[in-house]
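Asks:
In full-length UniProt numbering, the protein residues as written are 1 to 638.
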């Protein structure tokens with residue numbers, strides 16, 4: 001099959017098996033009618049959000065479905081990210097299928113079944129990872145967080161007449177609580193081998209030449225096929241569009257596009273929290289496969305190109321109550337929707353995230369790449385601050401804050417929070433689980449115990465104001481553009497100094513033990529899980545720093561060579577001397593002084609991680625300055 005017609009959304013394929021259709025006899029009949037589905041794969045999610053993948057012949061499952069679904073399969077857990085849990089001497093992990101979520105079929109459009117002529121399919125079943133009879137995976141943590149939140153929140157509301165009155169359900173009974181989530185997936189696409197021209201990309205971004213513009217050629221085709229495939233899978237796509245980054249492609253002599261370099265976003269409809277995370281994981285692979293089939297490379301890196309907007313994954317959180325009469329009520333929305341920003345549940349939830357964000361952030365931002373995105377000037381949040389809007393009736397949607405209220409005055413049911421810090425490589429399962437744990441902390445300590453006006457005043461407090469729940473010497477609300485209205489020092493003083501390295505971020509687990517207890521409440525997270533996550537994050541940080549970042553910076557230093565000849569100015573000499581001084585500081589050892597690169601390696605060997613972190617900050621500042629000076633130096637040479 002030629003690549004140009006791959007990934008057509010064929011009507012005779014089985015794309016999804018809904019959770020209500022997991023009856024064994026039904027499955028046998030259904031799969032026997034789709035002989036193109038040759039394999040089954042159990043998808044367990046480790047603590048970094050990596051999914052397991054196997055090719056198990058589908059007949060093995062069909063021959064003994066009872067055992068397959070009750071016992072799962074065994075694997076070597078030391079090969080996945082379960083540090084200090086599944087160790088070399090205790091590595092047995094069971095991957096157990098989840099019968100209570102939708103399953104999707106992953107088709108290989110480059111491999112056709114010789115009998116049916118259809119692409120070979122693999123039934124991907126989300127699963128749990130079990131070690132020593134304990135669930136230890138990202139999916140299980142989110143599942144426990146959802147269950148605890150639903151039960152506790154329902155009990156709090158049912159026992160509070162004031163909360164029920166705010167929600168307009170004073171004389172009604174809640175049947176259940178639904179927790180809904182959605183993510184916005186941003187990514188970069190480019191033709192292979194083409195290098196980024198950072199200056200052109202930066203200029204295009206400043207001029208807003210690409211944002212929401214019409215897609216063209218191969219990119220347009222790949223995006224349209226992706227959206228059509230998403231419809232077949234039941235993901236209910238809402239839109240695909242260009243993001244802020246990118247430059248116009250070129251047409252080569254054969255009439256085909258080259259030098260494609262564009263940033264895109266694809267959105268789809270919200271769903272229940274666990275299904276949301278499962279859907280996102282599948283859609284990422286779908287995007288990769290479709291765009292790759294058209295000769296386009298895809299990266300979900302948070303900051304693939306320095307000096308240009310990175311890729312975010314804004315994460316939306318909502319809570320809804322379903323009443324016994326079938327009516328649905330948004331728990332963040334006050335019954336007087338146009339007069340009040342939110343309900344007490346809403347204020348308490350938002351303050352729970354803000355107060356405890358230091359222990360949410362390690363799950364949101366766990367890599368050097370992710371931290372590179374969170375810098376002023378790129379619409380990425382840099383400090384712990386929120387926004388409601390300038391008035392309840394005219395919400396403004398401040399894009400410069402960390403997390404804020406999304407409110408459509410005409411549709412109260414869509415009221416939700418948007419967390420703007422995640423990136424495509426954030427572990428969505430743990431981001432959502434930690435957020436819901438912290439939201440419940442706020443609800444249990446505030447909702448129904450204080451008036452709505454008291455909660456709004458608490459949320460809007462100034463530095464030094466007496467507080468009920470939030471920290472006294474911090475502010476948490478701003479309706480200004482926090483990048484323009486405040487200096488860096490003012491932001492740090494008001495909203496807390498953001499971590500500059502992965503180590504500074506993850507060490508929050510040690511610095512804020514009382515906030516870690518919020519995660520552990522109800523045994524949703526455990527100390528072992530947090531220790532495992534912390535260990536793996538630090539391990540990956542060190543390995544990337546030593547094996548990739550320093551190596552890349554060494555190449556940069558070597559490539560910054562003197563290019564001027566006799567036709568030089570005093571400025572050329574001054575610039576080169578500054579450049580050369582930086583090169584020596586970064587890389588050149590002498591008898592009495594070690595370079596920054598050597599010092600970092602030495603401190604890694606000594607396991608002085610705090611000093612490694614400090615040296616990384618110094619290195620990053622000097623590398624940034626070196627790039628700027630060398631660019632200016634080359635521009636001034638004839």
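Using N, Cα and C, we set each Cβ at its ideal position, and we do this for glycine too.
#1: Buried or exposed: which applies to residue 436, given that a residue is buried once 16 or more other Cβ atoms fall within 10 Å of its Cβ?
#2: How many Å lie between residue 536 and residue 112 at the Cα?
#3: Based on Cα-Cα distance, which residue from 286, 464 and 386 lies nearest to residue 400?
#4: Residue 23: which of 416, 520 and 99 sits nearest, CA to CA?
#5: With a 10 Å radius around its C-beta and 16 neighbouring C-beta atoms as the bar for buried, classify residue 222 as buried or exposed.
#6: Do residue 313 and residue 268 have their beta-carbon atoms positioned less than 9 angstroms apart in this structure?
#7: Can you have a look at residue 632 and say buried or exposed, based on whether 16 or more other CB atoms are within 10 angstroms of its CB?
#8: Beta-carbon separation of residue 317 and residue 434 under 9 angstroms?
#9: Going by C-alpha distance, which of 636, 262 and 228 is nearest residue 244?
#10: Taking the alpha carbon of residue 164 as the reference point, which residue from 375, 487 and 452 has its own alpha carbon closest?
#11: Kindly confirm or deny that the region 499–516 and the region 577–587 touch, where touching means at least three C-beta pairs closer than 8 angstroms.
#12: Taking just the CA atoms, how far does residue 380 sit from residue 464?
#13: By DSSP, does residue 128 sit in helix, in strand, or in coil?
#14: On the CB-based measure, 16 or more other CB atoms within 10 Å of its CB, does residue 369 come out buried or exposed?
#15: Give the list of continuous alpha helix (DSSP H) stretches no shorter than 4 residues that lie fully inside the region 537–613.
#16: Among 16, 543 and 461, which one has its Cα closest to the Cα of residue 101?
#17: Could you spell out the range, first to last residue, of the beta strand (DSSP E) harbouring residue 106?
#18: So, are the CB atoms of residue 81 and residue 426 less than 9 angstroms apart?
#19: So which of 549, 555 and 606 has the shortest CA-CA distance to residue 617?
#20: Please state the DSSP three-state secondary structure of residue 82.
#21: Is the beta carbon of residue 273 closer than 9 angstroms to that of residue 180?
#22: Measuring alpha carbon to alpha carbon, tell me which of 625, 65, 630 and 340 ends up nearest residue 25.
#23: Compute the beta-carbon to beta-carbon distance between residue 47 and residue 72, rounded to the nearest angstrom, for a pair I have assumed lies under 8 angstroms.
#24: Rounded to the nearest angstrom, what separates residue 106 and residue 405 at their Cα positions?
#25: Can you tell me which of 91, 13 and 130 puts its alpha carbon nearest to the alpha carbon of residue 42?
#26: The alpha helix (DSSP H) spanning residue 640 covers which residue range?
#27: Keeping to the same chain, check which residues put their C-beta closer than 8 angstroms to that of residue 612; ignore five residues upstream and five downstream.
Replies: Per the coordinate set shown:
#1: Here the question's residue 436 lines up with position 436 in the chain shown. Looking at its Cβ environment, which holds 16 or more other Cβ atoms inside 10 Å, residue 436 is buried.
#2: For the purposes of this step, residue 536 is taken as residue 536 along the chain shown, with counting starting at 1. For the purposes of this step, residue 112 is taken as residue 112 along the chain shown, with counting starting at 1. The straight-line gap from Cα to Cα measures roughly 39 angstroms.
#3: The residue you call residue 400 lines up with position 400 of the chain shown. That would be 386, whose Cα lies nearest to the Cα of residue 400.
#4: In the chain shown, the residue the question calls residue 23 occupies position 23. Among 416, 520 and 99, the Cα nearest to that of residue 23 is on 99.
#5: The residue you call residue 222 lines up with position 222 of the chain shown. Residue 222 comes out buried.
#6: Counting from 1 along the chain shown, the entry for residue 268 is found at position 268. Counting from 1 along the chain shown, the entry for residue 313 is found at position 313. No. Outside cutoff.
#7: Here residue 632 is taken as the residue at index 632 of the chain shown, counted from 1. Its Cβ having fewer than 16 others within 10 Å, residue 632 is exposed.
#8: The residue labelled residue 317 in the question sits at position 317 within the chain shown. The residue labelled residue 434 in the question sits at position 434 within the chain shown. Result no, Cβ atoms of residue 317 and residue 434 do not sit closer than 9 angstroms.
#9: As a working note, residue 244 is residue 244 in the chain shown. Closest by alpha carbon: 262.
#10: Here residue 164 refers to the residue found at position 164 of the chain shown. Of the listed residues, the one whose Cα sits closest to residue 164 is 452.
#11: no
#12: Counting from one through the chain shown, the residue named residue 464 turns up at place 464. Counting from one through the chain shown, the residue named residue 380 turns up at place 380. Using only the alpha carbons, I get a separation of about 27 angstroms.
#13: The residue you call residue 128 lines up with position 128 of the chain shown. Correct three-state label for residue 128: strand.
#14: Indexing the chain shown from 1 puts residue 369 at position 369. Residue 369 should be labelled buried.
#15: The qualifying runs are 550–559, 570–587 and 596–606.
#16: Against the chain shown, residue 101 aligns to sequence position 101. Shortest Cα-Cα distance from residue 101 to any of 16, 543 and 461 involves 16.
#17: Here residue 106 refers to the residue found at position 106 when the chain shown is read from its first residue. Note, residue 106: beta strand (DSSP E), 103–112.
#18: Residue mapping note: residue 81 aligns to position 81 of the chain shown, counting from 1. Residue mapping note: residue 426 aligns to position 426 of the chain shown, counting from 1. Result no, Cβ atoms of residue 81 and residue 426 do not sit closer than 9 angstroms.
#19: Residue 617 sits at position 617 when you count from the first residue of the chain shown. When 549, 555 and 606 are compared, the shortest CA-CA separation from residue 617 is found for 549.
#20: For the purposes of this step, residue 82 is taken as residue 82 along the chain shown, with counting starting at 1. It is coil, neither helix nor strand.
#21: Counting from one through the chain shown, the residue named residue 180 turns up at place 180. Counting from one through the chain shown, the residue named residue 273 turns up at place 273. Yes, they are a contact pair.
#22: As a working mapping, residue 25 is identified with position 25 in the chain shown. The shortest C-alpha separation from residue 25 is found at 65.
#23: Here residue 47 corresponds to residue number 47 of the chain shown, with the count starting at 1. Here residue 72 corresponds to residue number 72 of the chain shown, with the count starting at 1. No, residue 47 and residue 72 are not in contact; Cβ-Cβ is about 19 angstroms, not under 8 angstroms.
#24: For the purposes of this step, residue 106 is taken as the residue at position 106 of the chain shown. For the purposes of this step, residue 405 is taken as the residue at position 405 of the chain shown. Near 36 angstroms, if we compare the C-alpha coordinates of residue 405 and residue 106.
#25: Within the chain shown, numbered from 1, the residue matching residue 42 stands at position 42. Answer by Cα proximity: 130.
#26: In this structure the chain extends from 1 to 638, so residue 640 is not present and cannot be described.
#27: Here residue 612 refers to the residue found at position 612 when the chain shown is read from its first residue. Cβ neighbours of residue 612 beyond the five flanking positions: 503, 542, 545, 600, 603 and 604.
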